[in-house]
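To keep things clear, I will list the structure first and then write my remarks on it.
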Amino acid sequence: MSLTADNVKQIAHLARLGIEQQDVASYARDLSGMLDLMTQMGDLNTDGVEPMAHPMDQVQRLRADVVTERDNREKFQAIAPQVDEGLYLVPKVIE
Amino acid sequence: MHNKTIAELAKGLRSGEFSSVELTSAFLDRIKQHKVLNAYVTVTEDRALQQAKAADARLATGDAELLTGIPIAQKDIFCTEGVKTTCGSLMLDNFIAPYNATVIDKFNNAGAIMLGKLNMDEFAMGSSNETSYYGVVKNPWDINAVPGGSSGGSAAAVAARLAVCATGTDTGGSIRQPAAHCGITGLKPTYGRVSRYGMIAYASSLDQGGPMTRNAEDAAILLQTMAGFDDKDSTSVDAPVPDYMAGLTNSLEGLKIGLPKEFFGEGLNSEVAAVLEAAINEYRKLGATVTEISMPSLKLAIPAYYVIAPAECSANLSRFDGVRFGYRCENPADLTDLYTRSRGEGFGKEVKRRILMGTYALSAGYYDAYYIKAQKVRRLISEDFKRALSEVDVIMGPVAPSTAFGIGEKIGNPIEMYLSDIYTIAINLAGVPAMSIPAGFVSGLPVGLQLIGNYFSEARLLNISHQYQQVTDWHQQIPKGFE
Numbered sequence: 002m003s004l005t006a007d008n009v010k011q012i013a014h015l016a017r018l019g020i021e022q023q024d025v026a027s028y029a030r031d032l033s034g035m036l037d038l039m040t041q042m043g044d045l046n047t048d049g050v051e052p053m054a055h056p057m058d059q060v061q062r063l064r065a066d067v068v069t070e071r072d073n074r075e076k077f078q079a080i081a082p083q084v085d086e087g088l089y090l091v092p093k094v095i096e
Numbered sequence: 000m001h002n003k004t005i006a007e008l009a010k011g012l013r014s015g016e017f018s019s020v021e022l023t024s025a026f027l028d029r030i031k032q033h034k035v036l037n038a039y040v041t042v043t044e045d046r047a048l049q050q051a052k053a054a055d056a057r058l059a060t061g062d063a064e065l066l067t068g069i070p071i072a073q074k075d076i077f078c079t080e081g082v083k084t085t086c087g088s089l090m091l092d093n094f095i096a097p098y099n100a101t102v103i104d105k106f107n108n109a110g111a112i113m114l115g116k117l118n119m120d121e122f123a124m125g126s127s128n129e130t131s132y133y134g135v136v137k138n139p140w141d142i143n144a145v146p147g148g149s150s151g152g153s154a155a156a157v158a159a160r161l162a163v164c165a166t167g168t169d170t171g172g173s174i175r176q177p178a179a180h181c182g183i184t185g186l187k188p189t190y191g192r193v194s195r196y197g198m199i200a201y202a203s204s205l206d207q208g209g210p211m212t213r214n215a216e217d218a219a220i221l222l223q224t225m226a227g228f229d230d231k232d233s234t235s236v237d238a239p240v241p242d243y244m245a246g247l248t249n250s251l252e253g254l255k256i257g258l259p260k261e262f263f264g265e266g267l268n269s270e271v272a273a274v275l276e277a278a279i280n281e282y283r284k285l286g287a288t289v290t291e292i293s294m295p296s297l298k299l300a301i302p303a304y305y306v307i308a309p310a311e312c313s314a315n316l317s318r319f320d321g322v323r324f325g326y327r328c329e330n331p332a333d334l335t336d337l338y339t340r341s342r343g344e345g346f347g348k349e350v351k352r353r354i355l356m357g358t359y360a361l362s363a364g365y366y367d368a369y370y371i372k373a374q375k376v377r378r379l380i381s382e383d384f385k386r387a388l389s390e391v392d393v394i395m396g397p398v399a400p401s402t403a404f405g406i407g408e409k410i411g412n413p414i415e416m417y418l419s420d421i422y423t424i425a426i427n428l429a430g431v432p433a434m435s436i437p438a439g440f441v442s443g444l445p446v447g448l449q450l451i452g453n454y455f456s457e458a459r460l461l462n463i464s465h466q467y468q469q470v471t472d473w474h475q476q477i478p479k480g481f482e
């Protein structure tokens with residue numbers, strides 16, 4: 002299976018990931034190579050096999066719905082690129 | 000001083016032979032002397048000396064632990080409060096972690112000294128340490144060779160005596176393969192044994208932190224501190240932590256070793272194979288019996304891994320958006336431009352490749368064909384391990400197909416690089432623990448022997464490694480120029 006340059010651009014858009022025009026062809030080649038590798042899985046019969054997500058088949062733990070975290074807003078915002086009055090700033094979304 | 004084991008150093012600190020400040024200063028000097036290796040991203044000299052003073056005071060009260068005053072170094076994937084935590088990426092070049100990883104808290108509580116943060120492949124994606132934003136780490140055994148990856152800085156620092164020991168993380172071999180290439184001892188614990196809290200995520204169902212040390216005894220000491228249930232890690236396993244030191248010297252009489260025929264076929268360098276054969280013979284002399292086993296699903300480990308790991312990576316790394324922390328592009332035109340360019344400029348090529356792969360595998364129409372299929376294959380691989388480990392006590396084999404390859408040799412061909420992970424990846428998919436221990440040399444470069452055990456059998460693996468290290472001296476070899 003092989004991916005085209007347009008496929009790669011579409012995937013990059015889904016991931017909101019900027020890629021250089023000059024690298025598109027090499028990504029297409031590498032991803033196609035990876036997909037070729039993956040087709041090998043088709044040789045193995047997995048009918049009736051349960052997909053495995055956790056090695057011990059452990060499920061997510063639940064905890065009581067109580068506050069355990071302190072307010073660390075100032076500490077966390079100290080490392081943010083741009084904040085103002087406790088808010089994270091991004092370019093204007095609505096004109 | 001810098002060639003001593005943790006137990007020897009602990010004794011010296013208690014007898015007054017040297018203080019922790021002296022010991023720490025000696026390592027800080029060595030780090031400055033051997034900058035050529037590029038093993039450290041950040042050296043935390045002032046903090047280390049402060050910690051050493053506090054450790055000396057604690058030692059004087061008699062209320063010290065085995066690691067009190069011992070200088071160690073942390074892979075730069077563990078968040079350290081107030082200290083830059085880069086994960087080897089431009090994306091986090093300006094990231095001063097606001098909290099400590101659980102592993103870091105545990106070492107701090109034990110009184111260990113942090114010398115600094117160690118270089119690594121970007122976001123732990125790589126097998127050669129060549130994807131780091133901070134440049135490649137050099138192998139102390141041959142500075143033209145890679146140290147392995149992703150914990151390349153950890154392996155090089157321990158081998159070159161730039162730290163007594165270090166931490167690493169292993170998603171597909173990232174502790175074991177660099178340990179093998181640098182001639183040290185590395186342990187990837189059972190999935191869920193060591194807390195992942197504050198350990199920057201790559202593939203959350205595979206990631207596991209562990210010790211990288213000069214011998215099995217040191218690894219046991221480190222794991223004792225690192226292991227344990229953590230409420231802050233949703234996949235942490237609530238199982239008691241045994242005494243990892245207690246069984247180190249148990250006899251290996253009657254030990255059943257299984258050698259998977261899939262591990263010793265085509266693709267394994269014949270000189271590496273000869274080294275492994277000699278190591279297995281040592282085990283025979285120690286009373287072990289050896290049988291050939293078969294694990295037919297192993298050959299599908301690489302395709303399954305390169306679906307599951309990139310899929311989880313694409314989800315985990317979506318948090319790097321240029322809004323709350325990390326890199327932000329200059330003058331974004333709008334919100335989409337902010338996301339797209341911050342991520343495009345902040346991530347390196349290998350990380351982008353895996354985000355693209357994972358995004359594709361999880362996209363509408365392909366999810367069942369790739370992700371669900373890979374998770375089914377994953378179950379069959381883990382069943383292969385369970386079956387094999389009900390017949391034998393330990394599985395042995397290579398860690399890597401060859402010794403450390405040259406810098407630049409494989410970086411242009413990512414698929415070939417992925418294939419070099421063939422012997423380590425299946426272990427992460429199954430979630431079982433495994434170690435790499437030094438077993439010999441080929442043309443002056445170290446070879447690692449891999450030991451794979453059943454879930455939570457770390458104590459047994461450490462015992463099997465320790466007994467081998469009592470009758471061999473491969474783990475005591477020091478690279479030239481670093482004596």
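From first to last, the protein sequence lines stand for chains A and B.
Heads up: the first sequence begins at 2 in the working numbering, then just goes up one per residue.
Heads up: the second sequence begins at 0 in the working numbering, then just goes up one per residue.
Note that beta-carbon positions come from the ideal geometry of N, C-alpha and C, so glycine has one too.
Contact list for residue i against chain B, beta-carbon separation under 8 Å
i	result
A/MET57	TYR190, GLY191, VAL236, GLY430, TYR454
A/VAL25	Those do not exist, as A/VAL25 stays about 10 Å from chain B at its closest Cβ, beyond 8 Å.
A/ASP31	ARG352, PRO413, ILE414
Bridge-paired residues (DSSP) for residue i
i	result
A/TYR89	A/VAL84
B/GLU291	B/LEU258
B/ALA433	B/LYS187, B/ILE451
B/THR41	B/LYS116
B/GLY208	B/THR168
B/ILE426	According to DSSP, B/ILE426 bridges with nothing at all.
B/ASN93	DSSP output for B/ASN93 lists no bridge partner at all.
B/THR79	B/VAL82
B/PRO397	B/LEU448
B/ASN138	B/ASP141
B/GLY439	B/VAL446
Neighbour list for residue i in chain B, Cβ cutoff strictly below 7 Å
i	result
A/MET53	GLN374, ARG377, ARG378, SER381
A/ALA13	LEU355
Proximal chain A residues relative to residue i, where beta-carbon distance stays under 8 Å
i	result
B/TYR369	MET39
B/SER362	ILE12, LEU15
Other residues of its chain near residue i: CB distance less than 7 Å, five sequence neighbours each side excluded
i	result
B/GLY81	ILE95
B/CYS328	GLY321, LEU337, ARG340, SER341, GLU344
B/SER401	ASN268, VAL271
B/TYR196	ALA100, THR101, ASP229, LYS231, ASP232
B/GLU415	LYS409
B/SER131	GLY87, ASN118, MET119, ASP120, GLU121
C-alpha gap between residue i and residue j, whole angstroms
i	j	result
B/PRO97	B/THR248	42 Å
B/GLY246	B/THR85	38 Å
B/LYS120	B/GLU408	In the sequence on display, residue 120 of chain B carries Asp and not Lys. When rounded, the distance between both Cα atoms is 16 Å.
B/GLY68	B/SER19	5 Å
B/GLU270	B/ALA179	15 Å
B/ILE103	B/PHE77	7 Å
B/ILE463	B/LEU251	7 Å
B/ASP217	B/ALA300	31 Å
B/ASN412	B/ALA53	49 Å
B/GLY148	B/GLY171	10 Å
A/MET99	B/TYR366	As displayed, chain A neither begins before 2 nor continues past 96, which places residue 99 of chain A out of reach and without an answer.
B/SER127	B/LYS187	18 Å
B/SER153	B/PHE481	15 Å
B/ALA363	B/ILE380	26 Å
Same chain only: Cβ atoms within 8 Å of residue i, ignoring 5 sequence neighbours per side
i	result
A/ALA81	TYR89
A/VAL25	ALA6, VAL9, LYS10
B/ILE142	VAL35, LEU36
Cβ shell of residue i (< 6 Å), same chain only, five flanking positions each side left out
i	result
B/LYS116	VAL40, THR41, GLN73, ASP75
Residue i: contacting residues in chain A (beta-carbon distance under 9 Å)
i	result
B/ALA303	MET39, MET42
B/PHE94	ILE80
B/PRO331	VAL91, PRO92
Contacts that residue i makes with chain B (C-beta to C-beta distance below 9 Å)
i	result
A/GLN61	SER233, THR234
Under 7 Å by beta carbon: chain A residues contacting residue i
i	result
B/THR358	ILE12, LEU15, ALA16
Name the residues in the stretch 334-356 of chain B whose C-beta lies less than 9 Å from a C-beta of chain A; which are they? LEU334, THR335, ASP336, LEU337, TYR338, THR339, ARG340, SER341, ARG342, GLY343, GLU344, PHE346, LYS348, LYS351, ARG352, ILE354, LEU355, MET356
The stretch 307-327 of chain B: which residues have C-beta closer than 7 Å to a C-beta of chain A, in chain order? SER313, GLY321, VAL322, ARG323, PHE324, ARG327
Could you name the residues of the stretch 197-213 of chain B whose beta carbon sits closer than 8 Å to any beta carbon of chain A, in the order they occur along the chain? SER204
Positions along the stretch 401-414 of chain B whose CB lies within less than 8 Å of some CB in chain A: PRO413, ILE414
With 9 Å as the limit, tell me which residues of the stretch 444-476 of chain B have their beta carbon closer than that to any beta carbon of chain A; keep them in chain order. The residues in question are TYR454.
Looking at chain A, which residues of the stretch 59-90 of chain B have a Cβ within less than 9 Å of any of its Cβ atoms? none
Contact residues within the stretch 288-300 of chain B, judged by C-beta distance below 8 Å to chain A: SER296, LYS298, LEU299
Closer than 9 Å, Cβ to any Cβ of chain A: which residues of the stretch 96-108 of chain B, in chain order? Contacts with chain A (Cβ-Cβ distance below 9 Å) from the stretch 96-108 of chain B involve ALA96, PRO97, TYR98, listed in chain order.
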